[in-house]
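These protein sequence lines map, in sequence, to chains A and B. According to full-length UniProt numbering, the first sequence is numbered sequentially starting from 1. According to full-length UniProt numbering, the second sequence is numbered sequentially starting from 1. Just so you know, even glycine gets a beta-carbon here, dropped at the ideal spot from N, CA and C.
There are 2 protein chains.
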Amino acid sequence: MSESRWLDAEEMSAWQAFLTASHLLDRRIEEQLKSAAGLTHPQFEILAILSASPERRLRMTELARRVVVSKSGLTYQVTQLAKRGLVERTTCPGDDRGVLAVLTDEGMRHLEKTAPGHVEVVRRFLIDLLSRQELTTMASAMRKAQEAMRPSS
Amino acid sequence: MSESRWLDAEEMSAWQAFLTASHLLDRRIEEQLKSAAGLTHPQFEILAILSASPERRLRMTELARRVVVSKSGLTYQVTQLAKRGLVERTTCPGDDRGVLAVLTDEGMRHLEKTAPGHVEVVRRFLIDLLSRQELTTMASAMRKAQEAMRPSS
DNA sequence: TGGTTGTTGTTCAAACTCGAACGAAACTGT
DNA sequence: ACAGTTTCGTTCGAGTTTGAACAACAACCA
Numbered sequence: 001m002s003e004s005r006w007l008d009a010e011e012m013s014a015w016q017a018f019l020t021a022s023h024l025l026d027r028r029i030e031e032q033l034k035s036a037a038g039l040t041h042p043q044f045e046i047l048a049i050l051s052a053s054p055e056r057r058l059r060m061t062e063l064a065r066r067v068v069v070s071k072s073g074l075t076y077q078v079t080q081l082a083k084r085g086l087v088e089r090t091t092c093p094g095d096d097r098g099v100l101a102v103l104t105d106e107g108m109r110h111l112e113k114t115a116p117g118h119v120e121v122v123r124r125f126l127i128d129l130l131s132r133q134e135l136t137t138m139a140s141a142m143r144k145a146q147e148a149m150r151p152s153s
Numbered sequence: 001m002s003e004s005r006w007l008d009a010e011e012m013s014a015w016q017a018f019l020t021a022s023h024l025l026d027r028r029i030e031e032q033l034k035s036a037a038g039l040t041h042p043q044f045e046i047l048a049i050l051s052a053s054p055e056r057r058l059r060m061t062e063l064a065r066r067v068v069v070s071k072s073g074l075t076y077q078v079t080q081l082a083k084r085g086l087v088e089r090t091t092c093p094g095d096d097r098g099v100l101a102v103l104t105d106e107g108m109r110h111l112e113k114t115a116p117g118h119v120e121v122v123r124r125f126l127i128d129l130l131s132r133q134e135l136t137t138m139a140s141a142m143r144k145a146q147e148a149m150r151p152s153s
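Here is the structure:
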């Protein structure tokens, strides 16, 4: 047990701001996606990540890791997306345990239709408020945190 | 409808890092609080905010706003905390509609016992990774975002 | 080869979250 | 005073999330 160092005023304020801003932002995003595309934020992320993957497909475990969601949570969301025809499940060649989530053409169209409105929110409430210097500093900070929390990548 | 500007590589990477880092951090915090104190992150925030409020009490609506949770979500969590004796409900003097959530002595003790372990996680995976300059820049960025999303305060 | 260990994805129960709808109380303007 | 509007907190139903348990398959090593 290390001696516990408290947060000084500036650290506390920074942490508080981070926490509040990220919650508020997530609420805005959720609301926008739901009303404009009938998607939750995790669902949108699944489509976005798949669209940027080779052959628009990814193993379930890897996809869960990238979205930062539990395995069971991903199973649920992929099922929801599959019901709507935006994603399909394919068996994984070379590993009979594996399942590949594949973005369908319809999923791709839906994503392309949805993305601009989503980006607009991200811009309005975060990106466009920051100078280039602030942006790079924040990015570097976030990457350090990421690095600390997931051993590799 | 404004013409949609996409995110350039740096913006995209920054947004991606922010999103991933905040999710990972929340998972770590949730896990630590659950195992060490049997609290969810929102529950901890409720206790923390109340402890810093005059007379350790706050109106439900104001508390919900600060925790960034829906009114019904707060009702649920306060009920959970009340069952454990960490929080009490009091009628609001001067407004019969109102309800005050009050941190009990036991709630205060539980918070004090829990806080160090929580702060440790926040330090390890965020605060301590940043230089003072990075910290202030990130804080300023987050405050701008906050400002943009909630009209006042 | 055969047995142990690890990984993969799903199912399940429990918990949590949200928005809509609601009754109650406060505010408003006439 | 009083109807109309707003604010307050709760209830409710629906949807989402998680970890634990599980079955199927892979990888390893004697």
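Identity of the residue in the options nearest residue i by Cα
| i | options | result |
| --- | --- | --- |
| A/K34 | A/G117, A/G98 and A/M142 | A/G117 |
| B/A148 | A/L7, A/E10, A/R28 and A/L86 | A/R28 |
| B/G107 | B/L74, B/E120, B/Q80 and B/L47 | B/L47 |
| A/A37 | A/I127, A/R89, A/R123 and A/R84 | A/R84 |
| A/L100 | A/A82, A/L111 and A/E112 | A/A82 |
| B/R9 | A/S72, A/T61, A/I127 and A/Q146 | Residue 9 of chain B is actually Ala in this sequence, not Arg. Considering only alpha carbons, the answer is A/I127. |
| B/G73 | B/E11, B/W15 and B/T40 | B/T40 |
| B/A17 | A/R66, A/R57, A/A14 and A/R5 | A/R66 |
| A/P54 | A/T90, A/V122 and A/V102 | A/V102 |
| B/L86 | B/S70, B/T75 and B/D105 | B/D105 |
| A/L50 | A/E88, A/E31 and A/R5 | A/E88 |
| A/F125 | B/Q133, B/Q146, B/R124 and B/R123 | B/Q146 |
| B/T133 | A/E112, A/T90, A/R56 and A/A14 | The identity of residue 133 of chain B in the sequence shown is Gln, whereas the question assumes Thr. Per the Cα distances, A/A14. |
| A/R150 | B/S4, B/E11 and B/L25 | B/L25 |
| B/M142 | A/L7, A/M12 and A/A64 | A/M12 |
| A/S4 | B/S131, B/L129, B/V68 and B/V122 | B/V122 |
| A/H110 | A/E45, A/L19 and A/E31 | A/E45 |
| A/W6 | B/L130, B/E120 and B/K144 | B/E120 |
| A/S131 | B/S131, B/A52 and B/K144 | B/K144 |
Buried versus exposed, by CB contacts within 10 Å (16 or more), residue i
| i | result |
| --- | --- |
| B/T114 | buried |
| A/Q43 | buried |
| B/G22 | A small correction: the amino acid at residue 22 of chain B is Ser; Gly does not occupy that position in the sequence shown. B/S22 should be labelled buried. |
| A/K71 | exposed |
| B/R56 | buried |
| B/T79 | exposed |
| B/T20 | buried |
| B/A64 | buried |
- Enumerate, from N- to C-terminal direction, the unbroken beta strand (DSSP E) stretches of 3 or more residues contained entirely within the UniProt domain "HTH marR-type" (11 to 147) of chain B. Here the runs fully enclosed are 57 to 59, 87 to 91 and 99 to 103.
- Does the stretch 93 to 106 of chain B come close enough to the stretch 135 to 143 of chain B to have 3 or more Cβ pairs within less than 8 Å? Judged by pairs of C-beta atoms under 8 Å, the stretch 93 to 106 of chain B does not touch the stretch 135 to 143 of chain B, as fewer than three such pairs exist.
- Query: Looking at chain B, which residues of the stretch 7 to 23 of chain A have a Cβ within less than 9 Å of any of its Cβ atoms?
  - Reply: The residues in question are L7, E10, E11, S13, A14, W15, Q16, A17, F18, L19, T20, A21, S22 and H23.
- Can you give me, in chain order, the residues of the stretch 29 to 46 of chain A that have a beta carbon less than 7 Å from any beta carbon in chain B? For the stretch 29 to 46 of chain A, which is checked against every Cβ of chain B, not one residue is closer than 7 Å.
- Query: Taking any Cβ of chain B, which residues in the stretch 53 to 80 of chain A have a Cβ under 7 Å from it, in chain order?
  - Reply: From the stretch 53 to 80 of chain A, only V68 have a Cβ closer than 7 Å to chain B.
- If you measure beta-carbon to beta-carbon, which residues of the stretch 133 to 147 of chain A are closer than 9 Å to chain B? Residues Q133, E134, L135, T136, T137, M138, A139, S140, A141, M142, R143, K144, A145, Q146 and E147.
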